[in-house]
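Asks:
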Amino acid sequence: MWMNRLKYNFKEQTNAAPLAIFRLFFGLMMFASIVRFWANGWIEKLYLVPEFHFSYLGFSWVKPIGNYTYILFIICGASALFVAIGYKYRIAIITFFLSFLYIELMDKTTYLNHYYFISIISFLLLFLPANAYFSFDAFTRKKQYQQIPKWTIDSLKLMLFIIYLSAGFVKLNSDWLFRAMPLKIWLPSKYDLPFIGENLMQQNWFHFAMSWSGMLYDLTIPFLLLYKRTRFVAFLFVVFFHVFTRVLFPIGMFPFIMIVSALIFFDAELHTKIINFIKKYFLKSKTILLLEPNFYYSNLQRKVTLTLFTVFFAIQVLLPWRSVLYPGELFWTEEGYRFSWRVMLMEKAGSTNFKIVNLDSGSQFRVNNTDFLTPFQEKQMSYQPDFILEYAHFLGDHFTKQGHKNIGVFATSYVALNGRLSTRFVDDKVDLYQEKVSFKHKKWILPFQSEIKIKGI
Amino acid sequence: MFRRFLLLFISIVTLHACSSSEEIVPTITDSFDRNALLINIADNIIIPAYEDFSSKMGALNTAGETFTTTPNQANLEALRTSWFAAYKVWQHIEMFDIGKAEELQFKFYMNIYPVTVADIEDNIADGSYDLNSVNNQDAQGFPALDYLLHGLADSDAAILEKYTTAENKDNYKIYITAVLNQMHTLTLSVVSDFKTQKGAFVASTENTATSSVNKLINDYIFYYEKGLRANKFGIPSGVFSATPLPEKVEGRYKNDVSKELALEALVAVQSLFEGRYYNALTTGVSFKAYLIKLDRTDIASSTSNQFKVAITQIQSLADSFATQINTDNTEMTRSYDELQKAVILLKVDMLQAFNINVDYVDADGD
Chain A
183 MWMNRLKYNF KEQTNAAPLA IFRLFFGLMM FASIVRFWAN GWIEKLYLVP EFHFSYLGFS
243 WVKPIGNYTY ILFIICGASA LFVAIGYKYR IAIITFFLSF LYIELMDKTT YLNHYYFISI
303 ISFLLLFLPA NAYFSFDAFT RKKQYQQIPK WTIDSLKLML FIIYLSAGFV KLNSDWLFRA
363 MPLKIWLPSK YDLPFIGENL MQQNWFHFAM SWSGMLYDLT IPFLLLYKRT RFVAFLFVVF
423 FHVFTRVLFP IGMFPFIMIV SALIFFDAEL HTKIINFIKK YFLKSKTILL LEPNFYYSNL
483 QRKVTLTLFT VFFAIQVLLP WRSVLYPGEL FWTEEGYRFS WRVMLMEKAG STNFKIVNLD
543 SGSQFRVNNT DFLTPFQEKQ MSYQPDFILE YAHFLGDHFT KQGHKNIGVF ATSYVALNGR
603 LSTRFVDDKV DLYQEKVSFK HKKWILPFQS EIKIKGI
Chain B
0 MFRRFLLLFI SIVTLHACSS SEEIVPTITD SFDRNALLIN IADNIIIPAY EDFSSKMGAL
60 NTAGETFTTT PNQANLEALR TSWFAAYKVW QHIEMFDIGK AEELQFKFYM NIYPVTVADI
120 EDNIADGSYD LNSVNNQDAQ GFPALDYLLH GLADSDAAIL EKYTTAENKD NYKIYITAVL
180 NQMHTLTLSV VSDFKTQKGA FVASTENTAT SSVNKLINDY IFYYEKGLRA NKFGIPSGVF
240 SATPLPEKVE GRYKNDVSKE LALEALVAVQ SLFEGRYYNA LTTGVSFKAY LIKLDRTDIA
300 SSTSNQFKVA ITQIQSLADS FATQINTDNT EMTRSYDELQ KAVILLKVDM LQAFNINVDY
360 VDADGD
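These protein sequence lines map, in sequence, to chains A and B. Residue numbering for the first sequence follows the numbering used here, beginning at 183 and increasing consecutively. Residue numbering for the second sequence follows the numbering used here, beginning at 0 and increasing consecutively.
(1) Name the residues in the stretch 340-351 of chain B whose C-beta lies less than 7 Å from a C-beta of chain A; which are they?
(2) Going straight from the alpha carbon of Asp-449 of chain A to that of Ile-345 of chain A, what length do you get?
(3) Can you look up Ala-241 of chain B in the DSSP assignment and give me helix, strand or coil?
(4) With a cut-off of 8 Å, does the C-beta of Ser-393 of chain A fall near any C-beta of chain B?
(5) Have a look at Phe-264 of chain A and Pro-502 of chain A and give me their C-alpha separation to the nearest angstrom.
(6) Could you list which residues in chain A have their beta carbon closer than 9 Å to that of Ser-188 of chain B, in chain order?
(7) Quick check: is the beta carbon of Glu-330 of chain B nearer than 8 Å to any beta carbon in chain A?
(8) If you draw a straight line from the C-alpha of Asp-42 of chain B to the C-alpha of Val-201 of chain B, how long is it?
(9) Taking the alpha carbon of Ser-480 of chain A as the reference point, which residue from A:Ile-330, A:Leu-577, A:Phe-278 and A:Ala-593 has its own alpha carbon closest?
(10) Nearest to Leu-527 of chain A by alpha carbon, out of A:Thr-334, A:Thr-322, A:Gly-259 and A:Phe-351?
(11) What residue does the alpha helix (DSSP H) around Asn-122 of chain B start on, and which one ends it?
(12) Out of curiosity, what's the CA-to-CA distance linking Ser-18 of chain B and Val-425 of chain A?
(13) With a CB to CB cut of under 6 Å and the five nearest residues on each side skipped, what residues in its chain are close to Glu-194 of chain A?
(14) Look at Cys-258 of chain A and Ser-237 of chain A and say whether their C-beta atoms are less than 8 Å apart.
(15) So, at 6 Å on beta carbons, what are the nonlocal neighbours of Leu-179 of chain B in its own chain, with the 5 sequence-adjacent residues on each side left out?
(16) Under a CB-based cut-off of 8 Å, is Gly-532 of chain A close to chain E?
(17) Provide the residue span of the alpha helix (DSSP H) that contains Pro-404 of chain A, from first to last.
(18) Out of A:Trp-387, A:Glu-517, A:Lys-455 and A:Lys-410, point me to the one whose CA is closest to Ser-620 of chain A's CA.
(19) Under the three-state reduction of DSSP, which class applies to Asn-598 of chain A: helix, strand or coil?
(20) Looking only at C-alpha atoms, which of B:Arg-33, B:Ile-46 and B:Val-114 sits nearest to Ala-143 of chain B?
(21) For Asn-122 of chain B, count the other beta carbons within 10 Å of its own beta carbon; 16 or more makes it buried, fewer makes it exposed. Which is it?
(22) Flag Lys-461 of chain A as yes if its beta-carbon sits less than 8 Å from any beta-carbon of chain B, otherwise no.
(23) Taking Cβ positions, are Ala-77 of chain B and Thr-67 of chain B nearer each other than 8 Å?
(24) For Ala-593 of chain A, which three-state DSSP category applies?
(25) Using only alpha-carbon positions, find the residue among A:Gly-510, A:Met-563, A:Tyr-373 and A:Ile-538 that is nearest to Gly-532 of chain A.
(26) Checking the sheet assignment: what are the DSSP bridge partners for Pro-331 of chain A?
(27) Taking only three categories from DSSP, how would you classify Glu-101 of chain B?
(28) Along chain B, in chain order, which residues have C-beta atoms closer than 9 Å to that of Phe-547 of chain A?
(29) Work out the CA separation of Tyr-222 of chain B and Gly-233 of chain B for me, nearest whole Å.
(30) Which chain A residues sit within Cβ distance under 8 Å of Asp-376 of chain B?
(31) Any Cβ of chain A within less than 8 Å of the Cβ of Ser-301 of chain B?
(32) Assuming the contact rule is C-beta atoms closer than 8 Å, Ala-321 of chain B and Val-248 of chain B should be a hit. Round their C-beta distance to whole Å, please.
(33) With a threshold of 8 Å, are at least 3 pairs of Cβ atoms found where one atom belongs to the stretch 73-90 of chain B and the other to the stretch 42-57 of chain B?
(34) Just the C-alpha distance for Val-486 of chain A and Thr-492 of chain A, rounded to the nearest angstrom, thanks.
(35) Near Phe-569 of chain A, which residues of its chain fall below 7 Å by C-beta distance, leaving aside the five closest residues on each side in sequence?
(36) Skipping 5 residues on each side, what residues in its chain have a beta carbon closer than 7 Å to that of Pro-370 of chain A?
The structure is reproduced here in structure tokens:
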């Protein structure tokens with residue numbers, strides 16, 4: 183967008199219906215996600231049961247707040263509903279954005295790319311006039327706007343573009359394309375699917391076909407959605423692809439959110455029809471609102487928002503590639519792995535155990551991880567270096583507090599990646615308690631040893 | 000356009016509902032037969048081991064009756080022999096924390112060690128206790144019998160006195176009877192339940208958190224890591240504490256059996272991995288065969304080898320782990336390390352190859 187600044191007309195107006203529909207569906211999906219999360223008992227399991235939480239660097243002050251965590255989820259779910267109906271929209275989306283962000287920052291064990299996606303989209307929605315049309319706000323102020331600046335809707339499209347393309351480019355690696363990893367591990371284990379489980383899922387060619395088509399899908403779908411002639415077919419692909427991944431993998435609401443998001447690419451004609459459909463069958467409303475032709479930002483608002491968006495999108499384009507700043511194999515060290523749309527690229531598992539050593543006497547004992555971590559936390563900690571380091575510091579602090587003096591924390595760690603035999607992961611001679619938590623390269627991660635290297639992006 | 004979307008939406012829902020049977024593919028069933036795996040494990044490993052245990056447990060119970068009726072040296076020795084025979088077979092079934100065994104917390108009533116001697120003595124002194132209480136789990140089972148048969152006093156004569164001339168001798172005898180009854184009843188219930196539920200057990204082959212095949216594998220690894228590696232080796236040799244804790248070995252009062260029990264348990268773990276029939280040399284469908292089928296011979300052979308290395312290392316230890324710990328604990332921790340290597344192969348490599356989820360939460364493959 184900022185590259186084509188000369189060509190792009192920021193003054194252009196467009197129909198407000200697509201954004202209104204996006205707001206409605208996004209809000210409903212978010213509400214459903216929160217309800218689902220609660221109904222599965224995950225609030226308790228992921229946020230209340232663990233006594234220790236893994237924090238994002240700089241956000242260790244964001245912690246679950248005991249039973250009030252439920253209230254946080256109520257606030258988040260309610261604000262999602264308010265966003266959906268477009269009532270007190272600005273306050274609702276700010277509340278949603280902040281409460282959702284808080285929830286995500288509480289424990290990085292639960293990090294998912296799709297939660298990151300939601301945070302980003304709701305950040306964009308903070309600034310967009312999503313309540314201009316077909317909203318409760320329009321109803322109360324008795325006035326709705328038919329047209330909004332075109333760049334507002336385009337900014338959402340641009341975000342989806344960046345996501346799909348990044349997700350596609352990062353699939354251009356030898357594990358994904360030439361070893362069909364990790365699908366070769368995952369698909370055969372779906373043997374219990376009806377009809378296709380015992381045959382299709384077991385076929386070598388099918389694993390490769392899925393890998394390659396997944397890569398091609400990500401790289402082409404935004405373009406196919408953009409051009410009118412291919413749009414409908416592209417949408418069919420979107421639906422098929424995401425429904426299929428939903429059947430195969432435990433990815434929750436994400437496929438549905440992506441399907442609904444892709445609707446933003448369609449012309450307003452479709453969205454208007456959806457709105458009329460809803461009006462006719464659900465609202466049964468005959469109220470005629472005063473229709474203003476155009477919604478405009480004030481000059482200042484527009485300038486501030488556009489500047490902010492320019493910076494934001496520049497970051498979005500660059501952030502997935504920050505991993506090039508680190509030495510070593512990315513899949514192994516995971517330095518710069520998160521927030522980069524690397525979805526479904528690795529099957530990684532590990533076993534990491536810690537030794538507390540009295541540095542004066544040399545006496546030592548091992549830690550039973552289950553004393554401090556839930557099974558899910560232990561699983562995640564076992565192969566992610568930043569988790570290992572944070573946990574090592576927690577252990578160091580914990581045992582120091584218990585009266586142990588001058589201790590060192592050492593880890594014995596084995597990790598297996600994409601069907602390779604497990605190998606040592608952490609230098610067990612390094613006292614992790616003395617290693618600083620930072621974004622710098624972690625020298626104590628042993629180099630990726632396997633003879634089957636990973637080449638590509 | 001909108002109509003087309005409505006149509007599309009409806010067709011997706013329908014397709015999703017009947018999970019698309021239209022795929023035209025050659026019907027090659029080249030996936031692993033998990034049903035055969037479960038049948039082999041149930042018919043040739045679990046049931047024979049259960050039956051053997053059941054009969055040894057019955058014999059132990061009878062020996063207990065004989066001893067409590069006529070407490071003398073000969074009957075004490077007979078009871079001890081039965082105790083050890085049953086304890087060895089127990090090592091083959093503790094890992095099957097499934098069905099009734101899981102529901103009743105079978106293993107917690109049979110083999111929590113070390114026992115809390117004060118609890119046992121209090122129970123005996125009071126004469127009233129509820130062995131079904133969780134608080135009494137560390138006052139019954141094999142470890143409690145170990146104490147009652149070997150640990151009450153320094154000499155056999157002094158032990159016999161507790162049952163013959165001591166003031167509360169009747170309470171001692173009643174307690175032995177109560178502990179044996181509890182063990183016997185639980186065993187009968189677990190064994191008969193597994194036999195009746197076997198059909199459901201072998202049929203539950205799907206890849207879910209609650210299917211037999213996944214639970215069996217998870218329990219197996221959990222047992223190996225906790226019940227075997229940690230309880231029998233790690234904890235007594237001080238791996239998890241500042242100093243060794245030799246008083247925490249299995250069978251501490253008999254004192255010369257901890258190695259034999261541990262080896263028995265490790266052979267049981269190895270046998271399940273290899274699909275070897277209980278007490279026989281024949282092998283059937285196994286985890287190992289599954290790995291080979293998945294083209295992971297590397298994991299299969301590394302694991303088999305590692306079990307062998309661990310067995311050899313453990314064979315070099317003293318019969319009494321307590322003695323071994325007190326004389327040369329490094330050999331003990333070395334055994335722990337060898338066992339730990341197999342934990343990694345099972346828990347990291349094998350589980351990854353099988354793609355069995357530890358937990359049900361959303362994940363996008365990290």
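For glycine and all other residues, C-beta sits at the position ideal for the given N, C-alpha and C. Source: prediction; values computed, not measured.
Replies: Inspection of the coordinates gives the following:
(1) Val-342, Ile-343, Lys-346, Val-347, Asp-348, Leu-350 and Gln-351
(2) 21 Å
(3) coil
(4) no
(5) Roughly 32 Å separates the two Cα atoms.
(6) Chain A residues near Ser-188 of chain B: none, gap ~29 Å exceeds 9 Å.
(7) Judged by the 8 Å Cβ criterion, Glu-330 of chain B is not in contact with chain A.
(8) Spanning the alpha carbons of Asp-42 of chain B and Val-201 of chain B requires a straight line of approximately 10 Å.
(9) A:Ile-330
(10) A:Phe-351
(11) For Asn-122 of chain B, the enclosing alpha helix (DSSP H) has its first and last residue at 116-125.
(12) Any reading at Ser-18 of chain B needs caution, since the residue's pLDDT is 40, under 50, leaving its predicted position unreliable; the model's value is listed next. About 11 Å.
(13) Lys-332
(14) With respect to Ser-237 of chain A, Cys-258 of chain A sits apart: the two C-beta atoms are not nearer than 8 Å.
(15) Asn-60 and Gly-63
(16) Although the question refers to chain E, the structure presented lacks it and instead comprises the protein chains A and B.
(17) 386-408
(18) A:Glu-517
(19) Inspection of the sequence shows that residue 598 of chain A is occupied by Ala rather than by Asn. Ala-598 of chain A carries a strand assignment under DSSP once its states are collapsed to helix, strand and coil.
(20) Taking each of B:Arg-33, B:Ile-46 and B:Val-114 in turn and checking the Cα distance to Ala-143 of chain B, the smallest one comes out for B:Val-114.
(21) The residue is buried, with at least 16 neighbouring Cβ atoms inside 10 Å.
(22) no
(23) no
(24) strand
(25) A:Met-563 is the residue among A:Gly-510, A:Met-563, A:Tyr-373 and A:Ile-538 whose C-alpha sits nearest the C-alpha of Gly-532 of chain A.
(26) A:Gln-195
(27) helix
(28) Gly-237, Val-238, Phe-239, Ser-240, Ala-241 and Thr-242
(29) 13 Å
(30) One cannot answer for residue 376 of chain B here, as it falls past the ends of chain B, which runs 0 to 365.
(31) yes
(32) In this structure Ala-321 of chain B is in contact with Val-248 of chain B, their Cβ atoms being roughly 5 Å apart against a cut-off of 8 Å.
(33) yes
(34) Between the C-alpha atoms of Val-486 of chain A and Thr-492 of chain A there is a straight-line separation of about 10 Å.
(35) Phe-236, Gln-562 and Met-563
(36) Met-383 and Gln-384
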